[in-house]
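For the sequence shown, the positions run -25 to -1, 1 to 287 when mature numbering (1 follows the signal peptide of the UniProt record, and there is no 0) is used. First the structure, in the form of structure tokens, and then the observations on it.
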Amino acid sequence: MLTKLLGKVMLVGLLTSLVSCTQPADQSKPNLEPSTISEDTKVIVLGDISKNPAKKIRRFQPLANYLADKLSQFDIKTGEVKIASDFPTMINWLKEGEVHLYFDSLYPAMRINEESGAQAILRRWKRGDAEYHTIIFTMKDRGIKSLADLKGKKIAFDDRQSTSGYMLPMAYLIEAGLKPNEKGSSSDVVAANEVGYIFSDDDENTIQWVISSKADAGAVDNQTFEQVPEDVRQAMSILAETEKVPRQVVMVPGNMDPELLAQLKSILSTMHNDPKGKEVLTKFQKTAKFDEFPTLQGLERMQQLYNIVENR
């Protein structure tokens, strides 16, 4: 019961911060002294997690440069990109204020909020969409007509930190009365009363694994699914579609100076109206804009899905 309660309080705190990031921090979060940008470096740092740092730096650097140009009143001269090799490292960087902006989907954002005290300040329209959802699919020739038919089968997920490729489909399988059980590889045996799940580490891999029968079914976000060629999609069958959640959120350290925080929010939420800013957003994975999270509608449902996965 305590674990469930903590999960609920954490999620309420995160989504409430999406509506008003000026609310007092939850007392359970790290108690850090107020901090701004380093007095020595005067650098604003954007962070991400990747095993391909060069690619991420190319994608993030234009935004880092744009923000640095707009933050001269704080004597910031440079924008940098810092790439973590794993999730715990990023949590530590945000906790210590070594990274000032981090972008991620709802599920990892909830974990980061809980473990580092970082707060979500805006919604990101990644690839032009404010929201997205998960599609659980299979091939029509597999004889799988519903989620119940996945018993004794394997499903491919993206990775353990993914909202659309793990949290949402996992919760839906459990709600359907199924028993997901992780497998180390596609060759592992799946018992008749369980659903084996394997991680593909990429949505495109998930699709290919289903097509090639390495997995019987897969879970990807709707944007990825819609990019599958029409003739291939015609051979696929959709088993379930989850509800929509925010596409991504923007996170900052919980101890960020209020004046800097307010200026960052202003710059990010208006840059789509600036020709230069719009160009930078396009380079940043075709981001349409950043905006305030519009409503807490569906909060209870998000709490429920998170708790289902965390307490399984």
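Yeah, the Cβ is synthetic: ideal placement off N, Cα and C, and Gly gets one too.
When the distance is taken between beta carbons, is residue j closer than 8 Å to residue i?
{"i": "residue 288", "j": "residue 61", "result": "Outside the displayed range of the chain (-25 to 287) lies residue 288, so it cannot be described from this structure."}
{"i": "residue 77", "j": "residue 132", "result": "no"}
{"i": "residue 206", "j": "residue 176", "result": "no"}
{"i": "residue 39", "j": "residue 56", "result": "yes"}
{"i": "residue 69", "j": "residue 58", "result": "no"}
{"i": "residue 231", "j": "residue 75", "result": "yes"}
{"i": "residue 237", "j": "residue 247", "result": "no"}
{"i": "residue 115", "j": "residue 210", "result": "yes"}
{"i": "residue 165", "j": "residue 127", "result": "yes"}
{"i": "residue 101", "j": "residue 222", "result": "yes"}
{"i": "residue 98", "j": "residue 224", "result": "yes"}
{"i": "residue 94", "j": "residue 226", "result": "yes"}
{"i": "residue 228", "j": "residue 22", "result": "no"}
Of the choices the options, whose alpha-carbon is the least far from that of residue i?
{"i": "residue 183", "options": "65, 113, 58 and 39", "result": "113"}
{"i": "residue 34", "options": "257, 278 and 139", "result": "257"}
{"i": "residue 139", "options": "19, 159, 106 and 120", "result": "106"}
{"i": "residue 203", "options": "190, 181 and 100", "result": "181"}
{"i": "residue 20", "options": "186, 127, 65 and 161", "result": "65"}
{"i": "residue 213", "options": "22, 224, 125 and 259", "result": "125"}
{"i": "residue 197", "options": "92, 97, 95 and 103", "result": "103"}
{"i": "residue 268", "options": "252, 285, 244 and 117", "result": "244"}
{"i": "residue 163", "options": "190, 223, 179 and 137", "result": "190"}
{"i": "residue 250", "options": "41, 32, 118 and 22", "result": "41"}
{"i": "residue 119", "options": "192, 253 and 95", "result": "192"}
{"i": "residue 47", "options": "85, 152, 239 and 137", "result": "239"}
{"i": "residue 233", "options": "83, 152, 85 and 96", "result": "96"}
{"i": "residue 161", "options": "187, 136 and 152", "result": "187"}
{"i": "residue 54", "options": "32, 67 and 63", "result": "32"}
{"i": "residue 266", "options": "28, 201, 235 and 241", "result": "241"}
{"i": "residue 287", "options": "156, 275, 208 and 252", "result": "156"}
{"i": "residue 45", "options": "235, 67 and 79", "result": "235"}
{"i": "residue 218", "options": "253, 208, 275 and 159", "result": "275"}
Spatial neighbours of residue i within its chain, please: C-beta separation below 8 Å, excluding the five flanking residues on both sides.
{"i": "residue 331", "result": "This structure leaves residue 331 out entirely; the chain is present only between -25 and 287."}
{"i": "residue 150", "result": "283"}
{"i": "residue 152", "result": "123"}
{"i": "residue 289", "result": "Any question about residue 289 goes unanswered here, given that the chain covers just -25 to 287."}
{"i": "residue 195", "result": "109, 110, 112, 133, 139, 140, 178, 181 and 182"}
Identify every residue that forms a DSSP beta bridge with residue i.
{"i": "residue 255", "result": "In DSSP, residue 255 forms no bridge with anything."}
{"i": "residue 98", "result": "224 and 266"}
{"i": "residue 78", "result": "225"}
{"i": "residue 174", "result": "132"}
{"i": "residue 72", "result": "Looking at the DSSP assignment, residue 72 forms no beta bridge with any residue, so it has no partner."}
{"i": "residue 57", "result": "22"}
{"i": "residue 212", "result": "113"}
{"i": "residue 193", "result": "112 and 131"}
So, at 7 Å on beta carbons, what are the nonlocal neighbours of residue i in its own chain, with the 5 sequence-adjacent residues on each side left out?
{"i": "residue 215", "result": "111, 122 and 147"}
{"i": "residue 280", "result": "142, 143 and 146"}
{"i": "residue 30", "result": "none"}
{"i": "residue 84", "result": "-12, 95, 224 and 226"}
{"i": "residue 261", "result": "102 and 103"}
{"i": "residue 28", "result": "58"}
{"i": "residue -22", "result": "Residue placement at residue -22 is poorly supported in this model, since its pLDDT is 34, which falls under 50; the coordinates still yield a value, given next. Contacts found: 282 and 286."}
Please go through the same chain and pick out, in chain order, the residues whose beta-carbon is closer than 6 Å to the beta-carbon of residue i, but skip the five residues on each side of it.
{"i": "residue 174", "result": "132 and 134"}
{"i": "residue 52", "result": "17"}
{"i": "residue 295", "result": "This structure leaves residue 295 out entirely; the chain is present only between -25 and 287."}
{"i": "residue 199", "result": "178"}
{"i": "residue 91", "result": "66, 69 and 70"}
{"i": "residue 253", "result": "247"}
{"i": "residue 63", "result": "none"}
{"i": "residue 13", "result": "With a pLDDT of only 48 at residue 13, under the threshold of 50, the placement of this residue in the model should not be trusted; the figure read from the coordinates follows. So the list is empty, once near-sequence residues are dropped."}
Q. What runs of the beta strand (DSSP E), each 3 residues or longer, lie entirely inside the region 104 to 169?
A. Fully enclosed beta strand (DSSP E) runs of 3 or longer: 109 to 114, 129 to 132 and 155 to 157.
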